[in-house]
Amino acid sequence: MPWLTALLALPLVGLIVLLAIPGTARNAVRMWANAVLLGGLALALPLWQAFDRAASGYQFVDRMPWIPTLGAQFLLGIDGISLLLVLLTSLLGPIAALASWNAIEERTKEFYAMLLLLQFGMLGLFLSLDLLLFFVFFEVVLVPMYFLIGIWGGERRLYAAIKFFLYTLAGSVVLLLGIIALYWQGGLQLAQPTFEIAELLKLQLPLDAQRWLFWAFFVGFAIKVPMVPFHTWLPDAHTEAPTAGSVLLAGVLLKMGTYGFVRISLPLFPEAAREAAPILAVLSIVAILYGALISLMQQDWKRLVAYSSVSHMGFCTLGLAALNSNGIAGSVLQQINHGISTSLLFLLVGYIYERRHTRQIADFGGLAIGMPRFAFVFAVAVFSSAGLPLLNGFIGEFTILQGAFIVNRAWAAFAVFGIVLGAAYLLWLYQRTMLGDVRNEANRGLPDLSLREWATVLPLLLLALAIGVYPKPWFAVLERPVLDIAGRLAR
Amino acid sequence: MHYVAVSLAMLLIGTAGLLTRRNIVIILMSIELILNAVNINLVAFSRHHGNAAGQVFAIFVIAVAVAEAAVGLGILLALFRNRETVQVDEVDLLKW
Amino acid sequence: MNFLDTLWLIPVFPLLGAALMMMLGRHQYLDPQIENGSVGHHHHHDRGHDQDLRSKQGSRWLIGPLCSGFVLLSFLWSLGAVFAGRTEQVLFTWVAGMPFPAFDGRMVTLTADWGYLLDPLSAVMILMVTGIGFLIHVYSIAYMAHDGGLYRYFGCLNLFVFFMLVLVMANNYLLLFVGWEGVGLASYLLIGFYFKRKPASDAAIKAFLMNRIGDAGYLMALFFLLSIFGTLRFTEMQAAAHPLLPWATLLLLAAAVGKSAQIPLFTWLPDAMEGPTPVSALMHAATMVTAGVYLIVRAEPFFRLTPEVGSLTAAIGAATAVIAASIALVQHDIKKVLAYSTISQLGLMFMALGVGAYWAALFHVVTHAFFKAQLFLGAGSVIHALDGEQDLRFMGGLRHRMPQTFRTMFIGTLALAGWPGLAGFFSKDSILTSAWAASPVLFGAGLFTALLTAFYMGRLLFLTFFGAYRGDQHIHESPKRMTVPLWVLSIGSIGAGWFATPFAGWLGATPEPHSWAVMVASAVVAVAGLGIAYHFYLNRPGTADRWEEGVAPVARLLRARWYFDDFYEMVFVRGLARQGGEWLSLLDRRVVDGGVNGAGWLARKVGDLSKWSDTWIVDGAVNLTAFSVKLSSFPVRYLQTGLAQSYALLIVLSLAAMAGWYLLRSA
Amino acid sequence: MSHFYTDVDHFALLPAILLAFFGCAVFLFDFLLGERSRRWQLALVLPGLAMTGWHLWKQGQIAPFTAFHGAITIDAFGLFFNWLFLLTAALVALISYRYLEIEEEHQGEYYGLVLMAQAGAYFLAVGTELITIFVGLETMSLSFYVLVGFLRRSRRSNEAALKYLILGAFSSGILAYGFSILYGIAGSTYLSDIAMAVAARPAFDPLTVLAILTVSAGILFKISAAPFHMWAPDAYEGAPTAVTAYLAVGSKIASLALLLRLFLGPLGTAREAWEPLLILAAIASLTVGNLAAVTQTNAKRLLAYSSIAHAGYLLLGLVAGNATGLQGIAIYTGAYVFMTIGAFLVLMAVHGEEIEDLNGFARRHPGYAVPMVVFLLSLAGLPPTAGFLGKYYIFLALIESGRYVLALVGAAYVAVALFYYFRLVRSMFLLPAIEVERPQASSLGLRVALGATGLVTLGAGIYPEPFLQLAMRSLLK
Amino acid sequence: MNLEALFFYAFTTLALGGATLAITRRSAVHAAISLMVSLLGVAGLYLLLNAEFLFVAQIILYIGGILLLFLFVIMLVNLDAGRGLRQFHQRWPLGAAVTVIAGVAFAILWSRAVLPPAQTMPDVGNVELVADTLLQDYLVPFEVVSLLLLVAVVGSVLLARKRA
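Chains as they are written, first to last, in the numbering used here: chain U, 391 to 881; chain G, 3 to 98; chain L, 217 to 883; chain S, 9 to 485; chain C, 2 to 165.
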């Protein structure tokens, strides 16, 4: 059974059916979209069981000819790394859809159509094992995200939407040049020019070519992550995006960059990666500290969370820069963790925005009095994000830092301060919004989390706790692919 | 080579007219001059190479010149009906 | 079935309690009381209101006993375990990372079990945590009876006990860190219990952040240890000298300094007194702050191999002891006096650790736990009676009105002051003896601290319980549920000291032989301190003020708490703030409003700079690109004049240029 | 038939004859029947195109062959471009009908001129002799001059036609001058002879250089490459929108065919001499086209500038000079036909030229707005659209030939291009409508054309294999 | 100086002088007449080059056809009414200068050019030769040019006719 193809096709089929539903039947649209995304989750979850953790290479491979002229195939498959990201995507999709149930009153049908298209693109990116297919999905996600931000976003949505689009596009065209150049190099060495990653891994690339290719791919991925100094699209995009957009942007889209590093840059250009690692690490550390420091100064709740993403993604890239198994495994796990905790934060910001229609931190205070459940969930999200042990964030950060420490003790030493600062801005945020007395009467009598809202946050809460308390299975899934990559890098 | 020089001079005079005059009719005349320059060239080369292809080409160029003049003047008339001008630098609705 | 197989149950009880509180308390997570404007301390409640509250929340009375019961179960279980012997129990593999090369080149795997180790060291701590924890739970039932948020309170208290147990029972450094951070979390939650008050939440954040600085050190230490030994499990780490070991111990010391509020990271502890008094007793006096000491004792083999770090420990300890004690001299807030006293005593313990008297430090931890908890709870009783009044200047003469409290406080004071025969005397004596053996300077510092301790404790006692009452409250003795724990604790305060030798033996240490000279000195100092206090505050009231005028600069220094907070503020805030122009001063206001001290200040200041650079430099570059694209659009556009002839001109010009290029090329 | 005019000759000429025949028929019917006939003219044009197509297909069966002593060469290259002309003409005819009615200039000559222009273009693709090419080019150009000025009552249309004519005639003169030099070099007007003569000379021979200069100026003008592009924005803006589409596609790719014929054929051996020139022109086109488009407020003008940029990409394909580059040009032009006509036809449906007129368009007519997004994405070169494939091949060709900097420049401008293309998307989707509903120029023909262009643009992006095979086979045979 | 050279210079003077006058005359009618002179000069050059057919074609087609067309239009739009207007636009020196520069560059290129060796014309009458060439080798353009002229006729009628 072409499992992955079915998984990928589901949102697309759902989208086509959705287009047939009249736009005025809003509830039907909502229910259908939610059902499709939940169906996707139901389809994805059994992968966790069926996945063979001991096997090297890719599993559930679906291979079909696509553009034989170019040597591009429709090639889907997963290993442990993509398995986790696919599961995360499948989980965040329905959550984002459910979270938007009441928030999107206008152009509902278009909204869910975009959501389904986005889901299709995200799944496709993590599933594809063919570089051209990968690139296509890399671009496909841009359009729905542009519309999500541009139509249903905040005040500066027009600016944010095009900024997001242009930034990412600018990176991806360079990425495209890299892919083309790699393909060409492959054509010189292989019998048949191909985009298949597994085949390209067999290339013996000269160091010089590796360097050029690595930096070309770097530009594309670093902007997507985003690494400092390419990060400034992120706060705008996040702040202006609707909740579902922020959740998917932070939860999944940013991972495309780090995933690209893990899947392509590191294994394909190991020597160049070794050369570039110090630069990557320095940029990551700058991102960690810089993001955290800027977060401290934010007056806008959502913007703060957005900047915190810069900091957290800095940890992910630092792990990659370590180039060893712990760094990479920690990085992948931290990608998942960031997806969980930051999505939680964005969901909560979204819910409070639905109630109060402001995101200025100064407008809040004392919310814990009227909304204890909200405050509780927010506290868990904050501590998860701050990397408290027994919650998910700690495991990832610890492993990353350990990996970095092995390579260079100074890296770990600098990055560790990110943890201190992380606690600082998060707790301060918590204090200014949740604690204290109610200063603004508008904050009194706000309804606490509804059942639907609970349904969106609970899976994430449980997952955060589960990863924190028992991370072993997650590492087990990652072990094979990460060791393979680290092995290539060590050679 | 003398003819080539005449041709070039003719070409330049036509170009100069095209670039400097305001009157559209005269600009169209300048284009005729340019085509004549081409013809001088063609006929000169025709003799140089000892075949008639150049002359035949010149005939076609003349035909083209006629056609262009006709259409050009037709457009000029249409414009004149709308704008009451034949000064080329007054025709600048479309810019930037 | 071996009783030790059930070791894992010990932390589970309080965890159950915490979870139960979280589940049940969802609806009454915050009690309405707190919403009605109380700031946590009690006004006179008329019974009717109380009844009303009770009828509204039928299960309210159950919370305290239930949670106390869980801790009691834990205590009993640990009693059983302690007497059953020493063991190590691995529950499951917790973190299972990837292989990596250790410093010596072997490939090892990053793993950490969720496992417990029961040895004398942890046994002592377990008993202390559960025992004192139980007493404080019981005490809280009455103390917090009128407060809102009981579910939250007891839930957090149980959570704290759970994490503290994880901390002391962990069989590896990583799991220890779980407890380490966990108690930080519980501490944050409890200090900020009265979350509507800004100082409370400020203090909570400050405590958490200052601890986090230490934690950063802990994490780094973990990485060093992992790379040196390839494992984090206590029983597998074979202590051996390694060139990088000093780094590990130094970083561990940094962690301990944060958690145990030593110089320079001590300023959070006095602020932490914003929490409810039982919390101060439990966490910020008896148990949590001693985690630092526990950590160093746990890491004893490494510290032994790195004497230079030991010396630093001793120096930090001695300095902290003297400085904190001196600050305590001038505090007016009864809880602040005790807080500084705690810091000072922790300093003594660090001094002991530094000179290698690990058992002595631990011994002092135990005795200190008894009398400091007792003192805090007594102070709580006083505060409770005075309806929230904490200022010594508005107390006095309480001895008759609160006899039970007075008696227990009296015992506690003497014990802390080191009255011969009481617990504090013996433990302090052990420390001084070791210090004497190590260095006369340290000994002097210790002795001086003892003098100061006796003095300020005497001051506290006299100002509170003697003389005439200077306030205007209706005073009543606290209920039994509060005084009984006090009495139980005073048993420890009196008797614990006599078990020094068996204690050391149990830990496998050989105490220094008693030195009579040290003993005498210590006793003399204690008595003298108390005597001076008597002279100053009871015999001749007003002497103190005169003295203060006499040594005004010193007094100012002490009042200002040696300018530590101001120093942090000045360096991290104002130093930068003054440089900037108007926007910086605007920021300053924002920062001052922010209320977080220390590193947070600096961070935010730099944060603003980064934000500025983000807006103007990084984003600026991008926008500049966009702008210049747009800008360059215009010249290109305005070439398009609309004039056909200028178009033709460009054609000819291009032709000329191209022809020129060919000419130049061939020339 | 005489020996001057053989069956083969006839067969080679047949498509052009058909086009001319149907063109004349349209003129004639319009003249004879007047008003009443107009509804049926489309019924004359489409069968005419269909028959032309039939014969093109038959030619394809026996291609390659030459006729008229080598004046015409029916080869894969020529057929490929002719198929594109055919598609373009058909689409333009389909979309013009209702548009002309609204503009109240619905006259029969229009379709006749469309067919005549295509007949002229036919010789640009298959002509291998200078006079044939020149006359074909002029036939096409003259048709376009008239078409651009077709809205006689519109000042803008007059003006556009006038400027186009003056500059076009000037450039034709320069081109003819260049042709005369080529004739001077070879003593013959047949490309094969000229090729030999040029090959016998060094690349930087002064005469060759002169020929290259003038010929390239003439042709670059026609494909609207900078710095000979200046007419394009004005002509595009002033022309009737349907004609703009035809101009932007038909005229440009026909001239491109000529460019390739000449520069890869007779001038191929002088690559060294013309390559820097074309590189400059390509970069200038990319720069001018993309930058000037950024701040436009008129949608047609914006697309005009963008078509200048597209000329730049096409030139890059030629500059790369390898087989991939040619494939790239073929695929790019194929995609270009559909996406450009698609974009223009949506503008026609909006019946407005300013970008502001598009505001809120998506709410009212999502059926047009969504395909427009596809067209714009394709124009910008994003996957999964046909435009991506074209850019892909161009970049691949540049990288294969080691021209990394050019590839990077080309890639960088993709981002700029997306910025201005998405200003249209922004208007359609993100901005509220500023005025009451405008008359909408929808018609069956428009919808059919929209469906066709949209499907091809997206379909070729998603499953490009058949399209690639087609393009490859047509160009590499 | 032989006779042919004399004629060459005479016709050249006529052609270039007429051309110069054509683009500098203020009156459009004068310009048209100057153009006629220039075209006559060119026709003379054709004669010198043994292109008798072209000589005739030049006189009939150009002078008879095109020039008449020009004059006709000049009358129609009443151009001489605009005599008082500026005839050169303001930036004409720029245009002239660029032309000169381009001319110099082209002239230098030409001066270095080497033509292939000259051939002699076949010994047949010019008209016969041209006719043969036209109808044998250049049948296609001959057919296509009819299309061109058709387009020109239809187009100019369409554009120039009074609107309905």
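From the three backbone atoms N, C-alpha and C, an ideal C-beta is built for every residue, glycine too.
- Message: List, in chain order, every chain L residue whose beta-carbon is nearer than 7 Å to that of G:Val-90.
- Response: The sequence position of residue 90 of chain G within the second sequence is 88, counting from 1. Residues of chain L passing the Cβ test: Ala-860, Gln-861.
- Do C:Leu-159 and S:Glu-117 have their C-beta atoms within less than 8 Å of each other? Numbered from 1 along the fifth sequence, position 158 holds the residue referred to as residue 159 of chain C. Numbered from 1 along the fourth sequence, position 109 holds the residue referred to as residue 117 of chain S. Yes, the Cβ-Cβ distance between C:Leu-159 and S:Glu-117 is below 8 Å.
- Task: Quick one: list the residues of chain C neighbouring L:Ala-872, beta-carbon separation under 8 Å, in chain order.
- Result: The residue given as residue 872 of chain L occupies position 656 in the third sequence. What L:Ala-872 touches in chain C: Val-99, Ile-102, Ala-103, Ala-106.
- Looking only at C-alpha atoms, which of S:Tyr-244, S:Asp-201, S:Ser-263 sits nearest to S:Glu-167? What you label residue 167 of chain S is simply residue 159 of the fourth sequence in a count that begins at 1. Nearest of S:Tyr-244, S:Asp-201, S:Ser-263 to S:Glu-167, Cα basis: S:Tyr-244.
- Query: What do you reckon, are the CB atoms on C:Ala-161 and G:Leu-79 nearer than 8 Å?
  - Reply: Against the fifth sequence, residue 161 of chain C aligns to sequence position 160. Against the second sequence, residue 79 of chain G aligns to sequence position 77. Yes, the Cβ-Cβ distance between C:Ala-161 and G:Leu-79 is below 8 Å.
- Partners in chain L for S:Ser-179, counting only beta-carbon separations shorter than 8 Å: On the fourth sequence, position 171 is the one that residue 179 of chain S refers to. Within chain L, the residues near S:Ser-179 are Ile-867.
- Message: Please report whether the beta-carbon of U:Leu-780 lies at a distance below 8 Å from any beta-carbon of chain A.
- Response: Given the protein chain composition of this structure (U, G, L, S and C), no chain A is represented.
- Message: Out of U:Gly-647, U:Val-810, U:Leu-409, which one is the CA nearest neighbour of U:Leu-515?
- Response: By one-based count along the first sequence, residue 515 of chain U stands at place 125. Comparing Cα-Cα distances from U:Leu-515 to each of U:Gly-647, U:Val-810, U:Leu-409, the minimum goes to U:Gly-647.
- Query: Name the chain S residues that come within less than 8 Å of C:Arg-113, Cβ to Cβ?
  - Reply: Taking the first residue of the fifth sequence as 1, we reach residue 113 of chain C at position 112. Near C:Arg-113 (Cβ distances below 8 Å), the residues of chain S are Pro-214.
- Task: Consult DSSP for U:Met-454 and reduce its assignment to one of helix, strand or coil.
- Result: Here residue 454 of chain U is taken as the residue at index 64 of the first sequence, counted from 1. Of the three classes helix, strand and coil, the one that applies to U:Met-454 here is strand, per DSSP.
- Where G:Arg-1 and S:Gly-375 are concerned, what is the direct C-alpha to C-alpha distance, given to the nearest angstrom? Any answer about residue 1 of chain G is impossible in this case: the structure gives chain G only from 3 up to 98.
- Query: CA-CA distance, G:Leu-13 and C:Asn-79?
  - Reply: If you number the second sequence from 1, residue 13 of chain G lands on position 11. If you number the fifth sequence from 1, residue 79 of chain C lands on position 78. For G:Leu-13 and C:Asn-79, the distance between alpha carbons rounds to 29 Å.
- Is the region 431-447 of chain L close to the region 816-833 of chain U, with three or more CB pairs under 8 Å? no
- Given L:Phe-350 as reference, the closest of L:Asn-755, L:Ser-709, L:Arg-697 once Cα atoms are compared: Here residue 350 of chain L refers to the residue found at position 134 of the third sequence. That would be L:Arg-697, whose Cα lies nearest to the Cα of L:Phe-350.
- Task: Kindly give me the distance between the Cβ atoms of G:Lys-97 and S:Asp-242, rounded to whole angstroms, as I take these residues to be in contact under 8 Å.
- Result: On the second sequence, residue 97 of chain G is found 95 positions in, with the first residue counted as 1. On the fourth sequence, residue 242 of chain S is found 234 positions in, with the first residue counted as 1. Going by Cβ atoms, the distance from G:Lys-97 to S:Asp-242 rounds to 7 Å, so yes, they are a contact pair.
- Message: Tell me the rounded alpha-carbon separation between U:Gln-575 and U:Leu-595.
- Response: If you number the first sequence from 1, residue 575 of chain U lands on position 185. If you number the first sequence from 1, residue 595 of chain U lands on position 205. Taking the straight line joining both Cα atoms gives about 8 Å.
- Item | Residues that G:Asn-38 contacts on chain C, provided the C-beta gap is smaller than 9 Å | Indexing the second sequence from 1 puts residue 38 of chain G at position 36. Ala-16, Ala-20, Ser-39, Leu-40, Val-43, Gln-59, Tyr-63, listed in chain order.
- Query: Under the three-state reduction of DSSP, which class applies to S:Phe-172: helix, strand or coil?
  - Reply: Residue mapping note: residue 172 of chain S aligns to position 164 of the fourth sequence, counting from 1. One point to set straight first is that residue 172 of chain S is Tyr, not Phe, in the sequence displayed. The answer is helix: DSSP assigns S:Tyr-172 an H, G or I state.
- Endpoints, the beta strand (DSSP E) within which U:Gln-600 is located: Position 210 of the first sequence holds residue 600 of chain U. Unbroken run through U:Gln-600 is the alpha helix (DSSP H), 597-614; no beta strand (DSSP E).
- Measuring CB to CB, does S:Leu-57 end up less than 8 Å from S:Ala-97? The count along the fourth sequence starts at 1 and reaches residue 57 of chain S at position 49. The count along the fourth sequence starts at 1 and reaches residue 97 of chain S at position 89. Yes. Within cutoff.
- Residue of U:Ile-411, U:Pro-616, U:Ala-802, U:Arg-799 minimising C-alpha distance to U:Gly-561: By 1-based counting over the first sequence, the position of residue 561 of chain U is 171. Taking only the C-alpha atoms, the option nearest U:Gly-561 is U:Pro-616.
- Query: chain S partners of U:Ile-613, CB-CB under 7 Å?
  - Reply: The residue given as residue 613 of chain U occupies position 223 in the first sequence. Those do not exist, as U:Ile-613 stays about 11 Å from chain S at its closest Cβ, beyond 7 Å.
- Where does L:Asp-221 land, buried or exposed, given buried means 16+ other C-beta within 10 angstroms? Counting from 1 along the third sequence, the entry for residue 221 of chain L is found at position 5. With fewer than 16 other Cβ atoms within 10 Å, it is exposed.
- Query: For L:Ala-815, does the count of other Cβ atoms within 10 angstroms reach 16, so buried, or fall short, so exposed?
  - Reply: Residue mapping note: residue 815 of chain L aligns to position 599 of the third sequence, counting from 1. Confidence at L:Ala-815 is low in this model, with a pLDDT of 44, below 50, so its placement is unreliable and the value that follows should be read with caution. That one is buried.
- Quick one: does S:Tyr-321 have its CB under 8 Å from some CB of chain U? In the fourth sequence, residue 321 of chain S corresponds to position 313, counting from 1. By this cut-off, S:Tyr-321 is not an interface position.
- Along the chain, where does the alpha helix (DSSP H) that runs through U:Gly-858 open and close? As a working mapping, residue 858 of chain U is identified with position 468 in the first sequence. Residues 841-859.
- Item | Cβ of G:Leu-96 within 8 Å of any chain L Cβ | In the second sequence, residue 96 of chain G corresponds to position 94, counting from 1. So, interface residue.
- In chain S, what lies closer than 9 Å to G:Arg-85 by C-beta? Numbered from 1 along the second sequence, position 83 holds the residue referred to as residue 85 of chain G. Simply Arg-163, Asn-166, Glu-167.
- From the DSSP output, in three-state form, read off C:Phe-12 for me. Position 11 of the fifth sequence, counted from the start, is the residue given in the question as residue 12 of chain C. Three-state DSSP puts C:Phe-12 in a helix.
- Tell me, please, whether the CB atom of U:Ala-813 is closer than 8 Å to any CB atom in chain L? The count along the first sequence starts at 1 and reaches residue 813 of chain U at position 423. Judged by the 8 Å Cβ criterion, U:Ala-813 is in contact with chain L.
- Item | Min CB distance S:Ala-184 to chain G below 8 Å | For this step, residue 184 of chain S is matched to residue 176 along the fourth sequence. It does: the Cβ of S:Ala-184 has a partner Cβ on chain G nearer than 8 Å.
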